[in-house]
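Notes follow once the structure below has been shown.
2 protein chains.
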Amino acid sequence: MRNFFSAFVVSALLTAPVLAEDTPSQRTPNDIVAAAPPGDWKRIAPSDLLVMDLAPDAAGKARRVVIQLIPAPFSQGWVGNIRKLVAARWYDGIAVVRVQDNYVAQWGDPEGETPAKAKPLPKGLTVVPESEYAVGHGVPVDLTIPNDSYRTGTGIHAGWPIAFAEGKTWPTHCYGYVGVGRNNSPDTGTGAELYAVIGHAPRQLDRNVAIVGRVIAGIENLSALPRGTGDIGFYKTPEERTSIRSIRMGNEVTGLPTYEYLSTESRSFAAYVDKRANRQDDFYIHPAGGVDVCNVPVPIRAVK
Amino acid sequence: MRNFFSAFVVSALLTAPVLAEDTPSQRTPNDIVAAAPPGDWKRIAPSDLLVMDLAPDAAGKARRVVIQLIPAPFSQGWVGNIRKLVAARWYDGIAVVRVQDNYVAQWGDPEGETPAKAKPLPKGLTVVPESEYAVGHGVPVDLTIPNDSYRTGTGIHAGWPIAFAEGKTWPTHCYGYVGVGRNNSPDTGTGAELYAVIGHAPRQLDRNVAIVGRVIAGIENLSALPRGTGDIGFYKTPEERTSIRSIRMGNEVTGLPTYEYLSTESRSFAAYVDKRANRQDDFYIHPAGGVDVCNVPVPIRAVK
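Taken in order, these protein sequences are the chains called A and H. For the first sequence, the positions run 149 to 452 when this note's numbering is used. For the second sequence, the positions run 149 to 452 when this note's numbering is used.
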């Protein structure tokens, strides 16, 4: 089930159907996830989580967004910067400055583009080269999703959706995934400005912007924010922005649930993907017979 | 440019690159749309628009959603029902009852599942057969999008994204597209309960639920609503719902802008699709080289 991809393996898998499992036809993807044995779930280390607390909403309700940072071999230059920015408490007091419908919610220093007013960045941030948007050959593929519209191989590696072509592998822009805002190339961004995808997967950003994580809880605190009415969804006035009270690493926050993801090497996950592609429960008449890599979100759960 | 698809044409197009146009490499998709000559824009008849006015928001701001109904040959049984429901003013006073993150915002009669309390439907609604989810062979394809993840041909017909396989053609579930809520098959829904997609394209619904239109203005009035905290995003209490004041046909509403879509038979549209697949402006380092049918939204504009 765990394939190390090579040109040969990829071309074979791209023409093979999504892995079929012997599961009762009426089961839904959620049924399969609910029935997964405990050993199929993998704990996410709290030290790999960002806990972003926004200012409470108008009714005084707390708004927390939990982001899992992407593991090696991807985007580690930016992930390292983000850890330094959290350690320096740099994110505390910045704001969600842009919400563009069917695209992204973005947060950063509202004065970041004005050198005289910009919040000074901590020392020691890495300037990450463009070559880090993708890594080389040899990333293990737990499960391959064939027939990608973007002309690449796609699949899942250690819980993360990936694409691969021409000896390179990179993470994909799916719903809820978090990337690094930047200006035009060769600037690659520091990680001080981040965004989460809140619409259809903008896969054209793959290999052009760094994916550094994904929202695993509280995405609605970003996706349901009022859309900005300025250019590309920026808020026109400071009052429209949502303030960020703090961003902390998960291991700094007391009372955080334990988060787990469904191992993408497990039979449960393979059966889940098959059911996402081939729904046969009572609601469905025509199983799709395929699925795209961003339409098989890796199941994640919170455990008390 | 306008191909009538056949098994032969489809198989040829599926292996061909997205149509390339001779456009300056730095142009963005928006540049191409902005430069499209007036003749490339087609007027949408006001009689094919639904104008849905939600109750104003907490600040008293009006919330209008404009939906274009899908033209023949698709879903005309349900579209006919919807016209009758509007004529009977049946939708007036119902509510948005469900908002599920990364999936749908749905509106209908909150008491629709309780026969004793349900709002009576007008006479004359058609019971639409499942065979209407797809139509037969012979729908003209203005532009083909190759390499679909769902193992079908995909393309654009007269301004609408479609998929086709095995002699059948159907509209696709993309962001902002509106479908007919229903219970388990063989119920196909009347059109009294509708939803709009507010997340990544749920293409598994294609051929299983009827697409009847798309939101062409005001999607943020649905996509930014608070998410329901009940099962599959239903609101738990009536207070959480958003009331629908009225739904009218566009030709019944004074002061509505004229809406136009970019002809999908035009050279401008072909160039736009090519740029969606192959961004070469300053921000982009690696053009994707492909695109999926739901990531090339048909450009629509309001004209005074």
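For glycine and all other residues, C-beta sits at the position ideal for the given N, C-alpha and C.
Positions of the beta strand (DSSP E) runs, each at least 3 residues long and wholly inside the stretch 381 to 424 of chain H, are given as 390 to 397 and 406 to 410 in order along the chain. In the three-state reduction of the DSSP assignment, proline 350 of chain H falls in the coil class, being assigned neither a helical nor a strand state. Using a CB distance below 8 angstroms, the part of the stretch 363 to 377 of chain A facing chain H consists of Ile367, Glu368, Ser371, Ala372, Leu373, Pro374 and Arg375, ordered along the chain.
Counting C-beta atoms within 10 angstroms of its own C-beta, valine 275 of chain H has fewer than 16 neighbours from the protein chains shown and is therefore classed as exposed. Nearest CB-CB separation between asparagine 250 of chain H and chain A: below the 8 angstroms threshold. With respect to chain H, the C-beta atom of valine 283 of chain A has no partner C-beta closer than 8 angstroms.
Between asparagine 331 of chain H and histidine 321 of chain A, the alpha-carbon positions lie close to 33 angstroms from each other. Scanning its chain for C-beta atoms nearer than 7 angstroms, with the 5 sequence neighbours on each side dropped, one finds around arginine 351 of chain A the residues Tyr298, Thr320 and His321, in chain order. Using a CB distance cut-off of 8 angstroms, valine 439 of chain A counts as an interface residue toward chain H. Interface residue (Cβ-Cβ distance to chain A less than 8 angstroms): histidine 348 of chain H is classified as such. Proximity to glycine 347 of chain H across A:Cys442, A:Ala340 and A:Lys316 peaks at A:Cys442, based on C-alpha coordinates. Put simply, the CB of histidine 321 of chain H is far from chain A, with every gap to its CB atoms at 8 angstroms or more.
Per the coordinates, the alpha-carbon of valine 357 of chain A lies some 24 angstroms from the alpha-carbon of serine 394 of chain A.
Between leucine 291 of chain H and threonine 338 of chain H, the CB-CB gap reaches or exceeds 8 angstroms.
One finds Ile433 in chain A with Cβ atoms closer than 7 angstroms to the Cβ of glutamate 278 of chain H, taken in chain order.
Sequence-distant Cβ neighbours of asparagine 426 of chain H in its own chain, meaning closer than 6 angstroms and more than five residues away, are Pro435.
Contact annotation: glycine 381 of chain H and valine 213 of chain H have beta-carbon atoms that are not nearer than 8 angstroms. Excluding the 5 residues flanking it on each side, arginine 355 of chain A has same chain C-beta neighbours closer than 7 angstroms at Tyr281, Ala282 and Trp318, in chain order. Residue ranges of uninterrupted alpha helix (DSSP H) with 4 or more members, entirely inside the stretch 220 to 290 of chain A and ordered along the chain, are 224 to 235. Beta-bridge pairing by DSSP links arginine 211 of chain A to A:Leu202.
Chain-ordered listing is empty here: chain H has no CB closer than 7 angstroms to the CB of tyrosine 325 of chain A, the nearest sitting near 11 angstroms. Of H:Ala243, H:Asp422, H:Leu373 and H:Ala340, the smallest CA-CA separation from arginine 175 of chain H is found for H:Asp422.
The C-beta separation of isoleucine 218 of chain A from isoleucine 359 of chain A comes to about 6 angstroms, placing the pair in contact by the 8 angstroms criterion. Aspartate 201 of chain A and isoleucine 392 of chain A have their C-alpha atoms some 6 angstroms from each other. The straight-line gap separating the alpha-carbon atoms of glycine 361 of chain H and alanine 220 of chain A is approximately 43 angstroms. Boundaries of the alpha helix (DSSP H) harbouring proline 177 of chain H: 177 to 183, taken from the DSSP string.
Within chain H, the residues placing a beta-carbon under 9 angstroms from that of serine 333 of chain A are Asp430, Phe431, Tyr432 and Ile433, ordered along the chain. A straight-line Cα-Cα distance of about 43 angstroms links threonine 302 of chain H and proline 405 of chain A.
Residue pairing for glycine 303 of chain H: DSSP places it in a beta bridge opposite H:Thr292 and H:Ile310. In the assembly as shown, alanine 210 of chain H is an exposed residue. Its beta-carbon has fewer than 16 other beta-carbons within 10 Å. Asparagine 295 of chain A reaches chain H at Asn295, Asp296, Ser297, Tyr298 and Arg299, counting residues in chain order whose Cβ is nearer than 9 angstroms.
For tyrosine 251 of chain A and valine 345 of chain A, the gap between their C-alpha atoms comes out near 6 angstroms. Taking C-beta separations shorter than 8 angstroms and ignoring five residues to either side along the sequence, the partners of alanine 203 of chain H in its chain run Arg211, Thr390, Ser391, Ile392 and Arg393, following chain order. For arginine 427 of chain A, no pairing in a beta bridge is given by DSSP. The CB of arginine 351 of chain A comes closer than 9 angstroms to the CB of Ala436, Gly438, Val439, Asp440 and Asn443 in chain H, given here in chain order. Using a 10 angstroms sphere on the CB of arginine 237 of chain H, the tally of other CB atoms stays under 16, which defines it as exposed.
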